[in-house]
Amino acid sequence: MNAEFINPFISALINVMATMAQTELTPGKPKKKEDDEAGGDISGLIGMVGNNIQGSLSISFEEGLVVEIMEKMLGEKPPGINADVKDMVGEITNMICGGAKNELSQKGYDFGMATPMVVSGKNHTVNHQVDGKKLIMPFSHKSGNLYLEMCFNK
């Protein structure tokens with residue numbers, strides 16, 4: 017996978033977390049991902065399709081981090097992962113993909129975005145349904161970790 021294509025998603029994630037949730041994340045080292053296990057307790061997944069690209073993006077949050085993000089964004093702390101948290105994860109996934117899409121369209125990549133899907137539960141899986149290499153980029157925070165996964169047919 018090429019950095020020119022991946023970096024807009026990383027930038028959009030960092031930007032959305034900083035501006036919408038006043039949350040600074042520490043990036044880890046990206047690596048190839050071989051399995052479908054999600055790193056966190058709740059994941060947002062969104063597909064992207066265009067003339068010259070097909071792919072998907074997932075963002076997986078550990079419960080402690082997603083609860084803190086919800087509290088910072090809405091001013092109230094949820095008791096755990098509930099319907100409101102699931103809605104928020106879907107919106108965050110949409111915002112990150114949309115931010116990357118804007119930057120990538122300036123580089124000649126144009127794609128449509130599907131409606132985000134949210135999956136939760138301990139040891140849940142994320143199936144990208146795209147024939148391509150998967151990359152996972154971990155991010156850490158004092159309240160928990162976040163995992164950005166990307167899979168593209170490029």
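Taking our numbering, the leading residue of the sequence shown gets 17, the next gets one more, and so forth.
Glycine included, every Cβ here is placed at the ideal spot set by N, Cα and C.
All values derive from a computational prediction rather than experimental measurement.
Bridge partner(s) assigned by DSSP for S136: I58
Given F77 as reference, the closest of Q70, G71 and I85 once Cα atoms are compared: I85
Short Cβ contact (8 Å threshold) for L164 with I108: no
Buried/exposed call for L90, threshold 16 Cβ in 10 Å: exposed
Sufficient close CB pairs (3 or more, under 8 Å) joining the segment 109-127 to the segment 58-74: yes
Burial state of P132, where buried means 16 or more other Cβ atoms lie within 10 Å: buried
Three-state secondary structure assigned by DSSP to S121: helix
Neighbour-count burial assignment, G124, 16 or more Cβ in a 10 Å radius: exposed
Cβ-based neighbour list, K93, same chain, cut-off 6 Å, excluding 5 preceding and 5 following: E87
Runs of alpha helix (DSSP H) wholly within the segment 62-117 (minimum 4 residues, chain order): 79-90
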